[in-house]
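Structure record follows, encoded as structure tokens.
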Amino acid sequence: MTDRPTTPPDLGTEHVRLAVHDRAATLTLDRPAKLNAVTPEMSRALVQAIEWCDSTDDVRAVVLTGAGDRAFSAGSDISELDRYATPWEFRNRVDYCDAIRAARTPVIAAVNGYALGGGLETALSCDIRVASATASFGAPEITLGWIGGGGMAAFLSRAAGPGNAALMLLTGERIDAARALEWHLVSEVVAPGELLDRAREIAAVIASRAPVAAETAKLNLRAAGNLPEDQALAYERDLQTICFATEDAAEGRRAFAEKRPPVFHKR
Ligand code: COA
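In terms of this note's numbering, the sequence shown is numbered consecutively and its last residue is 1210.
Structure representation (structure tokens):
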């Protein structure tokens, strides 16, 4: 694929950066002095960034990472939490984990350090997770007297199993990257200097695939985890039929027959 620089929108904050090359976006939480803790302003920027990535065929995969070498994200900015006027206002906040999960475009977390609280939930909300050997993972909310609310229990127990999730949720203690790999929180652990390259390599492969098929694969995976089996199987057959009917699937079959790489147009 040729190098195609694309200009992303102004996200209204210096603490979230979005760059696009070759149909792969890199979305960076850029507040390293605060371990990339997420403010409401950053939440809104993440929503905007994801919506833009979904809206353009210039982006077919997203890498989400943190700036600096200490943190992916230490979660919600604790100092901002007292600013909500009421618990209801807090409940109805713009949630960055919801934003990541709402992405139709595949998202790969490149976990480069602490993934704590909302930072862990953010990583778990991505489709694929790659970690540096120096990354660590934890749900420290209980040390602050509360619990996570961005899908923590559901996603952590699904990834690590209920017992391991309980150990993390009830103690608030961190696990290292090797343990995270053993517990299936991440797919791969690489040297810190190789993390972004590896995540971008995965993104580039996904970006080269048929985008409608990639989006439907995401829907299908979610359905497989949430629907009763018979409904999940029926839904999968319908999604497969939708893909089957696309121009890109016809191109895939044609390219195979002609022994050449396919060119997909998201149609
Ligand atoms: N919200 C707001 N600020 C945060 C933060 C968060 N979640 N996590 C870290 N920071 C800030 C610290 O307040 C500090 O700011 P300062 O330099 O202005 O004092 C800066 O980031 C660096 O963190 P610091 O605590 O000094 O680093 P450390 O190496 O001593 O400890 C942690 C690292 C991750 C163990 C510690 O920062 C921590 O426990 N953070 C909170 C994690 C958390 O509970 N997340 C869930 C939130 S609901």
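Yeah, the Cβ is synthetic: ideal placement off N, Cα and C, and Gly gets one too. Note that the structure is predicted; figures quoted are calculated from it, not measured.
Please determine whether the Cβ atom of residue i lies at a distance below 8 Å from any heavy atom of ligand 1.
{"i": "Y1178", "result": "no"}
{"i": "Y1039", "result": "no"}
{"i": "D1020", "result": "yes"}
{"i": "E1084", "result": "yes"}
{"i": "A1014", "result": "yes"}
{"i": "Y1057", "result": "yes"}
{"i": "A1120", "result": "no"}
{"i": "G1009", "result": "no"}
{"i": "G1061", "result": "yes"}
{"i": "L972", "result": "no"}
How many Å lie between residue i and residue j at the Cα?
{"i": "M1111", "j": "M985", "result": "26 Å"}
{"i": "A1147", "j": "R1196", "result": "21 Å"}
{"i": "I1090", "j": "W1126", "result": "21 Å"}
{"i": "R966", "j": "A1157", "result": "14 Å"}
{"i": "E1204", "j": "A1123", "result": "It should be pointed out that residue 1204 corresponds to Pro in this sequence rather than to Glu. Between P1204 and A1123, the C-alpha separation is close to 36 Å."}
{"i": "E1194", "j": "W995", "result": "27 Å"}
{"i": "G1093", "j": "E1201", "result": "47 Å"}
{"i": "R1072", "j": "S1151", "result": "19 Å"}
Between which residues of its own chain and residue i is the CB-CB distance below 8 Å, once the five residues before and five after are set aside?
{"i": "V1037", "result": "P983, S986, R987 and V990"}
{"i": "R1210", "result": "V1155, T1189, E1190 and D1191"}
{"i": "T945", "result": "The predicted model places T945 with a pLDDT of 47, which falls under 50 and marks its position as unreliable; any figure quoted below should be read in that light. Closer than 8 Å at the Cβ level, and outside the excluded window around T945, lie D965."}
{"i": "I1043", "result": "L989, I993, L1007, V1050, T1065, S1068 and C1069"}
{"i": "G955", "result": "E984, R987, A988 and Q991"}
Looking only at its chain, what residues have a beta carbon closer than 7 Å to the beta carbon of residue i, apart from the 5 residues adjacent to it on each side?
{"i": "Y1057", "result": "L978, R1013, A1014, F1015, A1017 and S1079"}
I believe residue i touches residue j by the beta-carbon criterion, under 8 Å. Please report the beta-carbon distance rounded to the nearest angstrom.
{"i": "R1141", "j": "V1133", "result": "5 Å"}
{"i": "V1002", "j": "T1048", "result": "6 Å"}
{"i": "M1095", "j": "A1109", "result": "No, M1095 and A1109 are not in contact; Cβ-Cβ is about 12 Å, not under 8 Å."}
{"i": "I1051", "j": "A1103", "result": "In fact, because the Cβ distance is near 19 Å, the residues do not count as touching under 8 Å."}
{"i": "T886", "j": "V959", "result": "Outside the displayed span of the chain (944 to 1210) sits residue 886, for which this structure offers no information."}
Ordered along the chain, which non-local residues of its own chain (more than five positions away) have a Cβ less than 6 Å from that of residue i?
{"i": "D953", "result": "none"}
{"i": "P1135", "result": "S1075 and T1077"}
{"i": "A1153", "result": "D1191 and F1207"}
{"i": "Y1027", "result": "F1033"}
{"i": "G1009", "result": "L972, N979, F1015, S1016 and N1055"}
{"i": "D1000", "result": "K1209"}
Mind checking who residue i pairs with in its DSSP beta bridge?
{"i": "A1052", "result": "L1007 and R1072"}
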